[in-house]
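The sequence shown begins at 1 in this note's numbering and counts up one residue at a time.
Glycine included, each C-beta is placed from N, C-alpha and C at the ideal position.
Here the structure is a predicted model, which is why all the values come from computation and not from measurement.
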Amino acid sequence: MALKVHPSFAIHAGEWLKTEIVEANGVSINELTEAFGVSRPTVSAVLNGRTTLTAVMAIRFVHAFGVKAETLLRMHARYELAKAREHEADLAVKSLIPA
């Protein structure tokens, strides 16, 4: 049986990375963009929770900080699911399972 986590515990992986990894290690956005080889807006969008953390971006964090990509992607998936569940009642889907 899976545990149901309250949506308030779901955090965007990028926001967690920003506070717990990037800022905690004193790394600037400019240093991060240079190390990653991506644009500042791309890194900013991830760290500020405006875009999805992709597998490729997660791997960049693995190489830069030694965090586990799998952990980051699971964290992000939980966040996405919690956000979707906030609007679950609005979905009009018919059951396809025979009665």
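With a cutoff of 8 Å on beta-carbon distance, L47 and V27 are scored as not near each other. For the pair A45 and I29, the Cα-to-Cα distance works out to about 11 Å. Within 10 angstroms of the beta-carbon of G14 lie 16 or more other beta-carbons, which makes it buried. In the DSSP annotation of this structure, the continuous segment of the alpha helix (DSSP H) that includes E15 starts and ends at A13 to W16. DSSP places K83 inside the alpha helix (DSSP H), whose first and last residues are A69 to R85. A89 counts as exposed, since fewer than 16 other beta carbons sit within 10 angstroms of its beta carbon. Here M57 is not near W16, since their CB atoms are 8 Å or more apart.
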